[in-house]
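Keeping their order, the protein sequence lines are chains E and S. All residue numbers in the first sequence are consecutive under this note's numbering, ending with 740. All residue numbers in the second sequence are consecutive under this note's numbering, ending with 628. For glycine and all other residues, C-beta sits at the position ideal for the given N, C-alpha and C. See structure below.
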Amino acid sequence: MLRIEGLAKLTGAERYVDDEPIGDALWGMTVRSNAARGVIRSIEFDPAVDWSGFTIVTPDDLPGPNAVHHIECDQPILAATETRHIGEALVLLAHEDRDTLRDAVRRVRVKIDPLPPALDFREPPTAEQVQRGRDNVFTELCIDKGDVDAAFEGAAHIVEGVYETGAQEHLYIEPQGMIAWVDDAGVVCCKGSMQCPYYVVAALTHALERTPDRVRVIQTPTGGGFGGKEDYPSVLALHAALLAMKANRPVRIIYDRDEDMLATTKRHPCLTRHRTAVDANGKLLAQDIDVVMDGGAYLTLSPVVLSRGIIHGAGPYACPNVRIRGRAVLTNTTPFGAFRGFGAPQTHFANERHMDAVAGAIGMDPVEIRRINIIRDGDSTATGQVINDGTDRVAILDSAIERSRYHDLLREHESFNATSPDKRRGVGLAFFHHGAGFTGAGEVYLSSIVHVVGRPDGSVEVRAASTEMGQGKETVFTQIVSSRLGIDPARMTIATPDSARVPDSGPTVASRTTMVVGRLLERACDDLRTIIGAENAQGDALHTAISRWCESNPGAEPVGQAQYQPPPGVHWDDKTYKGDAYGTYTWAAYIADIEIDLRTFTASVRAFTAVQEVGAVVNPTLASGQVQGGVVQAIGWALMEDCLWQDGAMANSQLTNYIIPTSDDVPHIDVVFVENPYEYGGKGSKGLGELPMDGPAPAIANAISNALRLDANRIPLTPERIFSLINNAQTA
Amino acid sequence: MPKPPEQPTTSITCTINGQSVTMDIDPAWRLLDLLRDHLGLTGAKEGCGEGECGACTVRIDGLPANSCLVLAVQAHGRDIDTVESLDPESLDHLHGSGATQCGACTPGVVMTADWIRNNPETLEHDTIRSLMAGNLCRCTGYDGIIDGVRLSIERDANTGAKPCAS
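Structure follows, in structure tokens:
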């Protein structure tokens, strides 16, 4: 099936939040902190400006708690007494004219008495830098399996390594935007670009001290999210709503690109230490792993990012003894948040680089060390989850090796490198997995609900809060429901995610929409059939049965409903971090073929092979697009996307100097799916969206290490970093 | 016609999507502002405002240009074509190849893609990948876009069809 809304997007007809008619809305903007940390001494409004035409919101205007509802409520809506990062919101302004408003924002003078900021997450804070607990640690988690210390005793080989990954900007092409108003019934309404309408509902009800029926949240077509529109729209909605409530007019906040990059979340920077024991044959005996993530100034989603990070930290390998310690720490940096992969890309980078390091240290083929250690059915993960899904993981590895001509490339590159005066080529591998859906008991906690509703004209409407942000939800939901009910897709619609009309099907995150919500839709379809008494009806017979039910029940509509229930036998203990961390996993082997120009120190990807098992593929074009897009986003993270920090603020918050891949920077991405339908996923699917973010960076770093015979353990591998690697090796 | 601005104005005459228009504009407006805020042509998007992302790509006298970097006054005497001018049927190959995901870059991508299709001789010395490099896409990884452009050019070559006028 072609993308449902594809033609509207191709013709420019699709209406994003910034395309909504302006009407009588005011523009809203934000006055921000200029200090990494300090006490807010004064906020002065330039007397040369006539402020009477402005709506001004300060912390004194807040009707309830000054807190954005995430996991904790430690982030203020507007910093009132103390600021914790540059770019933190202090005051909100609204005005009819956007240019007048831009000028006015610059004429609000903020005076802050500085305090010593904590800026390096890798170093323990000094006493003056401590702002949380004793050591700025937001959260600390630990996984323990077997007896790691005993396993190191007498091991044939022990290999250590340190790996570091940088922040990454989501760079959705549509910047964040929100319109807020108070409707005639006094309901506070927010409409904008977002992944999780009910997160925004929770933020509004908490801060405005309103019941859910007194707020309404509507998603507009969303021009990319990647996690960047998971938590931040809650902040933006509160800002727009507070201005609209005070102005008694609609208010529209659309971030410019530089404000978006300065103020919104990024991928957590991460430092990972590995210490690994293997026997003489390269079999894993023990993995001792330490993970530190930079959480930024507020807790936001860091505990769950760290959780997913450490759960994936030991990779898809069978090892009897594993210890993984993880910490997320506070720094006076723009808060880090959700980003495609959610901690797993960081820890997979470390683990897959380290597998090559172990192979190198013991003189083993990188393919072979993975092959002998890959989890087989019956083996268990670091959390003790026994894998028994019938997937032939070794065959996935072998397929990628064969398809990419891995061993031929190694030979060809060896002779190329021996003769080329200024180019070096290398090939690298990563084998990895991704837990699909929320971690641990998360899905049970969400208890997502969907409705499949019959309409008086016999048609069907899907009501769910899951959002379309490019991944293809509209299309996949249409496929799932039309095929389950045996109806023509033209006789069904997908409701706009609007909290006044759709139930909470959970956030559109964690690769959960097709798998988890899709499965709920199938069950809701079955429920609808039961309600209308048409167990086996298809097509016209089903539509007729719906119409008849509506005729016999005037004013009512048949609502097929389903609520999440965990697959049988899935158990997770959040206290001990043991058990089934995810209902299922996807598995993949990626191969990168790279070339480095020794004149410019630029690395480029010549070819890329991505082989993965993702359950059943629901829509091949959309699924390939997810993998290709994820791989290219990860190529950017690996090679060019470098957030430069100055006093905890992004110094290169512009597309001019934050570089993402263009079409000319990347090759064709060769995608192969191995299908193994998953009983508890919509149409047999497993979560797919995040997996392709996990593997490319380590495959590329392994390829660069292979080409240069050096250890490229820190990304992004910009030309400057590659120059330093080579230069340091030559001077050593 | 747009509302006359309160600021100092200047008058321009240009052709927009085949229609000649004369209007009073604020000299500070960018072409993108004129199109989006004053003519209701919201297909072109503002992705960065500094000519890096290409989401605002339109064609000026037939050539792709970033409308965020062009002042509206510079449109005087020119032919401006936006994504709204294209025949939806000419986009079939891009639709089928998965060239759009979130859609924010798409109108700009489509304008460049359509220009390549109408100027296939440029592929004698450039690749589709290099010609598309001015349009950033964060979703597709570009394969869907490149395939769609290639397929549309192949179709035109095979059928001898004159590319759709735009």
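Legend entry - Integer-rounded CB distance, given that V195/E should sit under 8 Å from M253/E: About 11 Å separates the two Cβ atoms, so there is no contact after all.
Inset, instruction - Could you list which residues in chain S have their beta carbon closer than 8 Å to that of Y790/E, in chain order? - result: Beyond the ends of chain E as shown, which are 9 and 740, falls residue 790/E; an answer cannot be given.
Legend entry - Alpha-carbon to alpha-carbon, I607/S and T621/S: 21 Å
Legend entry - Proximity test, Cβ basis, 8 Å: P505/E and chain S: no
Inset, instruction - Report all residues from its chain with a CB closer than 6 Å to the CB of C626/S; omit the five preceding and five following residues, and keep chain order. - result: Below a pLDDT of 50, predicted positions are generally treated as unreliable, and C626/S, at 49, falls in that range; no measurement from the model is reported.
Inset, instruction - Kindly list the residues whose CB is nearer than 6 Å to the CB of F609/E, restricted to its own chain and excluding five residues on each side of it in sequence; keep chain order. - result: P727, I730, F731
Legend entry - Own chain, CB closer than 7 Å to A193/E, minus 5 neighbours either side, in chain order: none
Legend entry - chain S contacts from the region 86-112 of chain E (Cβ-Cβ distance under 7 Å): none
Inset, instruction - Taking only beta-carbon positions, decide if D702/E is within less than 8 Å of chain S. - result: no
Inset, instruction - Pick out whichever of G236/E, P205/E, A248/E, D152/E has its Cα sitting closest to the Cα of M186/E. - result: A248/E
Inset, instruction - May I have the straight-line CA-CA distance separating R617/S from I578/S, to the nearest angstrom? - result: 14 Å
Inset, instruction - Can you grab the Cα-Cα spacing for the pair C530/S / Y207/E, in whole Å? - result: 34 Å
Legend entry - Nearest residue (CA-CA) to T280/E, options L733/E, R722/E, Q738/E: R722/E
Legend entry - A369/E in three-state terms, based on DSSP: helix
Legend entry - Reduced DSSP category for L309/E - H, G, I as helix; E, B as strand; rest coil: coil
Inset, instruction - Would you verify that the beta carbon of P374/E is, or is not, closer than 8 Å to some beta carbon of chain S? - result: no
Legend entry - Whole alpha helix (DSSP H) elements within the region 542-615 of chain E, 4-residue minimum: 547-560
Legend entry - First through last residue of the beta strand (DSSP E) which encompasses D54/E: Note, D54/E: premise wrong, no beta strand (DSSP E); not H, not E.
Inset, instruction - Find out if the Cβ-Cβ distance for the pair K691/E, V626/E is shorter than 8 Å. - result: yes
Inset, instruction - Please determine if the region 17-29 of chain E and the region 90-97 of chain E are in contact, where contact requires at least 3 C-beta pairs separated by less than 8 Å. - result: no
Inset, instruction - With hydrogens ignored, establish whether the beta-carbon of Q184/E is closer than 7 Å to any heavy atom of the ligand SAH. - result: Because no ligand of any kind appears in the structure shown, any question about the ligand SAH cannot be addressed here.
Inset, instruction - Consider the Cβ of G480/S: report whether some Cβ of chain E lies at a distance smaller than 8 Å. - result: no
Inset, instruction - Specify whether the region 494-508 of chain E and the region 588-604 of chain E touch according to this definition: at least 3 beta carbon pairs, one from each stretch, less than 8 Å apart. - result: no
Legend entry - Members of the region 673-707 of chain E that neighbour chain S once the beta carbon cut-off is set at 7 Å: V674, H676, I677
Legend entry - DSSP three-state assignment for V572/S, whether helix, strand or coil: helix
Inset, instruction - Using a cut-off of 9 Å between C-beta atoms, extract the partners of T629/E located in chain S. - result: G558, S559, G560, G606
Legend entry - 8 Å Cβ cut-off: residues of chain E touching A595/S: T670, S671, D672, D673
Legend entry - Proximity to A126/E [Cα-Cα], best of M202/E, R45/E, A159/E: R45/E
Inset, instruction - Look at the Cβ atom of L293/E, then the Cβ atom of A163/E, and state whether they are nearer than 8 Å. - result: yes
Inset, instruction - Could you work out which residue in R520/E, T427/E, T38/E is closest to V452/E when comparing CA atoms only? - result: R520/E
Inset, instruction - Apply the 10 Å Cβ neighbour rule to R560/E and answer buried if 16 or more other Cβ atoms are within range, or exposed otherwise. - result: The residue you asked about is not Arg; residue 560/E is Ser in the sequence shown. Exposed.
Inset, instruction - Identify each residue in the region 469-503 of chain E for which the Cβ-Cβ distance to at least one residue of chain S is less than 8 Å, and report them in chain order. - result: M477, G478, Q479, G480
Legend entry - Proximity winner among G480/E, A175/E, I502/E, Q479/E, relative to V489/E (alpha-carbon distances): I502/E
Legend entry - Any chain S beta carbon closer than 8 Å to S519/E: no
Legend entry - Endpoints, the beta strand (DSSP E) within which Y207/E is located: First-last for Y207/E: 205-216, but that is the alpha helix (DSSP H), not the beta strand (DSSP E).
Legend entry - Complete runs of the beta strand (DSSP E) confined to the region 620-683 of chain E [at least 3 residues]: 677-682
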